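Q: Numbered as in my numbering, the sequence shown ends at 70 without a single skipped number.
Backbone N, C-alpha and C fix where the C-beta goes; we use that ideal spot for every residue, glycine too.
Since the structure is predicted, the reported quantities are computational estimates derived from the model, not experimental observations.
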Amino acid sequence: MTQLLSQAKQKNETMVKIVHGKGSEAILKTCVNGWLRQLPEVLAFCSAPPKDGGNGAVLVLLKKPKTDGE
């Protein structure tokens, strides 16, 4: 996931989807959500809509990279 976020930052992307899958105890979902809460580059995240994976994926909104003029 660190590599995914680094690549998104390099490409100036502001949204990524992380697929953690569905499981009876949602262990990966819990870990991913806890990890995302700690990252300063993450503005917000939520479960994906059904067409994009539903509860088996999370959409992550990233801060826009600062430009030289900001």
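Looking only at its own chain, which residues have a Cβ that is under 7 Å from the Cβ of Ala8, when we skip the five neighbours before and after it?
A: Contacts found: Val16, Leu62.
Q: In terms of DSSP beta bridges, what is Ile18 paired with?
A: DSSP output for Ile18 lists Val58 as bridge partner(s).
Q: Would you report the Cα separation of Thr2 and Phe45, rounded to the nearest angstrom?
A: Taking the straight line joining both Cα atoms gives about 16 Å.
Q: If you drop the 5 nearest sequence neighbours on each side, which residues of the same chain put their C-beta closer than 8 Å to that of Trp35?
A: Only Met1 meet the Cβ criterion.
Q: Name the DSSP bridge partner or partners of Ser47?
A: Answer is Val58, bridged to Ser47.
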